[in-house]
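Below is one structure, written out as structure tokens, with a few remarks after it.
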Amino acid sequence: MYKKLLLKIVAFLAVFSVLFLPLNTLLSRKSLWGAWNSTTKLAGFYNSPREEYDVLFFGSSNTYCSFNPLVLWEEKQVKSYVFATQNQPIWATYHYMKDAFKTQKPKVAVLDVLMMTKHTEYYDDGVNYSFADDMPFSWNKIQLALVSAQGKGAFDLLFNFTKYHSRWNELKEEDYTFRRGEQRDYLKGYVLLPDVYPDGIRPDVTEVTATAELLDKNVEYLEKIIRLCEEEQVELLLVKAPNNKTTAQEAHYREVEQLAREHGVPYVDYNNYYEEIGLDLKTDFYDKSHLNYRGAEKFTRFFAASLSLAPSEDHNHTAAQWDLDLQEYKQTISGLG
Numbered sequence: 026m027y028k029k030l031l032l033k034i035v036a037f038l039a040v041f042s043v044l045f046l047p048l049n050t051l052l053s054r055k056s057l058w059g060a061w062n063s064t065t066k067l068a069g070f071y072n073s074p075r076e077e078y079d080v081l082f083f084g085s086s087n088t089y090c091s092f093n094p095l096v097l098w099e100e101k102q103v104k105s106y107v108f109a110t111q112n113q114p115i116w117a118t119y120h121y122m123k124d125a126f127k128t129q130k131p132k133v134a135v136l137d138v139l140m141m142t143k144h145t146e147y148y149d150d151g152v153n154y155s156f157a158d159d160m161p162f163s164w165n166k167i168q169l170a171l172v173s174a175q176g177k178g179a180f181d182l183l184f185n186f187t188k189y190h191s192r193w194n195e196l197k198e199e200d201y202t203f204r205r206g207e208q209r210d211y212l213k214g215y216v217l218l219p220d221v222y223p224d225g226i227r228p229d230v231t232e233v234t235a236t237a238e239l240l241d242k243n244v245e246y247l248e249k250i251i252r253l254c255e256e257e258q259v260e261l262l263l264v265k266a267p268n269n270k271t272t273a274q275e276a277h278y279r280e281v282e283q284l285a286r287e288h289g290v291p292y293v294d295y296n297n298y299y300e301e302i303g304l305d306l307k308t309d310f311y312d313k314s315h316l317n318y319r320g321a322e323k324f325t326r327f328f329a330a331s332l333s334l335a336p337s338e339d340h341n342h343t344a345a346q347w348d349l350d351l352q353e354y355k356q357t358i359s360g361l362g
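Take any residue in the sequence shown, note its place counting from 1, add 25, and you have its number in the working numbering.
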């Protein structure tokens, strides 16, 4: 009896997958062009050679605007990738790490802690779909959906044709020709922002001495991240990339620092190192809290100097391609002035 029931369940799932997973790919929104080509960037990671990266960067927009893997390659000959999405909650980062460690065996995982300052337990569809749409279907994705949304929302994260069914009359040629397995991002997940925000302000947080309570769900998943990295034998670095932190954020970061100390995990707030990095508020920011490519270059070089890693081995003979990608990056920024 149980054997027949199991066979029926397996058959149902097989038919369901054959019929509906292609609809997910067809109907889901795709970001394939320009600086914000998140679909290409995330798919590019999944299409990377196995065990290619020695450093992986995780987190939200402060991560993908701050860490430039091609600059790190130029400085240290270390291969890395930015595996991040906008407003990515800490629990999503945990599941991104689990997915990443299936194929990559990095020596170091770097997590920007901006999202530890948030107090939202369930985010809206815009945020949820931005981290769920481009993750391949798996048990890990099922777990991510269940912790990210309630009720029918979790089903919609897994099978987003229920959300995007109205796109039938919006479909473009790229929706039909898109092949996830062919995507590659030469910037390795980094978002190159050329614009300058010259009116940036660096708030004075020197008088902040108290800590602010963190959302329990954030603490739970940060501790899961710490345990996961221990199990995978990956060194975890908690950081705060330069973002002109506010006094409210400073109180949260102080609590994160205390939590990191309790777990024996390194934590560095690079908002305290503007002079050493050489950051200029008038030239190095894209907006109030994100670095442009000039700021990201300065910051990545400063970060690279503190990273005690030997050059990456030439896995799958990809070093030559990294050099070509670096050349392409330099040609791109040379035209930005």
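Beta carbons are placed, not taken as given, at the ideal position from N, Cα and C, and that holds for glycine. Every value quoted in this text rests on a predicted model; they were computed, and no experiment measured them.
- Straight through space, the alpha carbons of alanine 157 and glutamate 77 are spaced by roughly 23 Å.
- Segment contact: the region 74-93 against the region 129-148, three or more CB-CB distances shorter than 8 Å; contact assigned.
- Nearest C-alpha to methionine 122 among Lys166, Phe92, Tyr148 and Glu100: Lys166.
- Looking only at Phe162, Glu300, Tyr299 and Arg279, the smallest Cα-Cα distance to tyrosine 292 is reached by Arg279.
- If you look at tyrosine 292, you'll find it in the beta strand (DSSP E) that goes 292-294.
- Contact annotation, asparagine 93 with glutamate 238: C-beta distance approximately 34 Å; criterion of less than 8 Å not satisfied.
- Between the alpha carbons of phenylalanine 82 and glutamate 232 lies a gap of roughly 31 Å.
- Per DSSP, the continuous beta strand (DSSP E) segment holding lysine 265 begins and ends at 260-265.
- By the beta-carbon neighbour count (other beta carbons within 10 angstroms, threshold 16), lysine 355 is exposed.
- Taking a C-beta distance under 8 Å as the contact criterion, serine 173 and leucine 183 do not qualify as a contact pair.
- Along the length of the region 126-184, whole beta strand (DSSP E) runs at least 3 residues long occupy 133-137, reported in chain order.
- Inclusion of glycine 320 and phenylalanine 310 in the CB contact set at 8 Å is warranted, their separation being smaller than that value.
- The three-state reading of DSSP puts valine 107 in strand, counting E and B together.
- The criterion of a C-beta distance shorter than 8 Å is not satisfied by proline 219 and asparagine 87.
- Beyond the five residues adjoining it in sequence on each side, glutamate 275 comes within less than 6 Å, by CB distance, of Val230 and Val233 in the same chain, given in chain order.
- Setting aside the 5 residues that flank it on each side, histidine 144 is surrounded in the same chain by Leu240, each with a C-beta closer than 6 Å to its C-beta; the list follows chain order.
- Remark: C-beta atoms of methionine 140 and glutamine 111 do not approach each other more closely than 8 Å.
- By the 16-neighbour rule on beta-carbons within 10 angstroms, aspartate 339 is exposed.
- Residue range 80-84 is occupied by the beta strand (DSSP E) that includes phenylalanine 83.
- Residue environment analysis places asparagine 297 among the exposed positions, since fewer than 16 neighbouring C-beta atoms fall within 10 angstroms of its C-beta.
- In the three-state DSSP reduction, leucine 306 falls in the coil class, being neither helix nor strand.
- Taking the C-beta atoms as reference points, serine 337 is found no nearer than 8 Å to lysine 66.
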